[in-house]
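>
Residue numbers (my numbering), protein chains in the order written: chain A, 7 to 202; chain B, 4 to 74.
Okay, here's the thing in C-alpha cells:
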C-alpha cells in the first residue's frame, strides 16, 4: 500500500481551489491542474478518482469550514442584537480570511456539482437561523418581514462594506478600510431598521 | 491495496462497457473508473495486485491502448 502523502493532498486541493475560482468549474480540468501545480496527473489520480470526486472533497471541506466559522459562539436563543452582532463578526472574518473559498462556494451554488451540498447547507442554515429569527420576532426584537427583506437589511450592508474593503476602495475609487468604528456604526443602523 | 493509473483511449461510454466485461474477470481488482473528461482518458484501478502489466494486457485484449502513467 502506497503511503498517503498529506502534504501532497493539501497542495493539490489548494491549487485546485485557486484554479476553479479563477477559471470556473467548467474550465477546470485535472490535466490543467497537474500542469499548474507541477504535479504529475498520476499523482492527482491516486488521491482523487476524477474531477467530480475532487470537487466533492473540496466542497465538503469548504462547506465545513464556512459553517464552523459562521456558527462560532452563536446560539439561536441569543437576543437578536447579540446574535446578529456575532453573525457580523463571524461573516466578516470568513470573507476576509477565506475569499477564495467564499468565491468557490458561490460558484458551486450555481453549478450541478453543488446542488446537493447547497441544499444540505441551506437546510442547516434554515434550521439554525429559522429558530433565531422566530425567537426574535416572538420576543418583539425583530420586525416581521419576508425573509428576503430581512436578509437584505441584516447582511447585505455588511457584505457590501467587506467588498469595498477587499477592493481597498469604494465609490469613485475613494480609499476605503473597514474599521471597527464603521462596522459598529453600520450595525447600529441595521438594528434600528429591523426593530419593530 | 494499490492504486494504478493508466493513460488510455477509452473514449466513449460504450468503450467503458467493453472494458467492463474484461476487467470484471480480474478478481484482484477492487474498484476501477475511467475519467472520460480527461484528455488522457485516465483509467484508475484499485487492486490487491501491484502489477500494471496484467491490466495493460487486459485492456489491450479489449482493443484499447493502455500505458501506465508514472507518478
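We put the CB at the ideal spot given by N, CA and C, even for glycine.
Only a predicted model underlies this, so the values are computations on that prediction, with no experimental measurement involved.
1) How many angstroms separate the CA atom of residue 69 of chain B from the CA atom of residue 15 of chain B?
2) Taking the alpha-carbon positions, what's the residue 41 of chain A to residue 175 of chain A distance?
3) With 9 Å set as the bound, which would you pick, yes or no: does the beta-carbon of residue 118 of chain A sit closer than that to a beta-carbon of chain B?
4) Exposed or buried, which one is residue 172 of chain A when buried takes at least 16 other CB atoms within 10 Å?
5) Can you pull the chain A residues whose beta carbon is under 7 Å from the beta carbon of residue 42 of chain B, in chain order?
6) Taking C-beta pairs closer than 8 Å, name the residues in chain A that residue 8 of chain B reaches, listed in chain order.
7) What residue range is occupied by the uninterrupted alpha helix (DSSP H) comprising residue 130 of chain A?
8) For residue 57 of chain A, go through chain B and note every residue whose CB falls closer than 9 Å to its CB, in chain order.
9) Consult DSSP for residue 182 of chain A and reduce its assignment to one of helix, strand or coil.
10) Could you pull out every residue in the same chain whose Cβ sits closer than 8 Å to the Cβ of residue 51 of chain A, ignoring the five residues on either side in sequence?
11) Taking DSSP as the reference, what is the three-state secondary structure of residue 9 of chain A?
12) Can you list the residues of chain A that residue 74 of chain B reaches, using a CB-CB cut of under 7 Å?
13) What does residue 45 of chain B reach in chain A if we use C-beta pairs closer than 8 Å?
14) Return yes when at least one heavy atom of the ligand SAM lies under 8 Å from the C-beta of residue 198 of chain A, else no.
15) In three-state DSSP terms, what is residue 45 of chain B?
The structure says:
1) Those two C-alpha atoms are separated by around 15 Å.
2) 35 Å
3) no
4) exposed
5) 37
6) 47, 48, 51, 52
7) 121-144
8) Here the neighbours are 38, 40, 41.
9) coil
10) Excluding sequence positions up to five before and after residue 51 of chain A, its CB lies within less than 8 Å of the CB of 36, all in the same chain and listed in chain order.
11) coil
12) 46, 48, 49
13) 36, 47, 51, 56
14) With respect to small molecules bound, the structure shown includes none, and the ligand SAM cannot be examined in it.
15) In the structure shown, residue 45 of chain B adopts extended strand secondary structure according to DSSP, grouped into three states.
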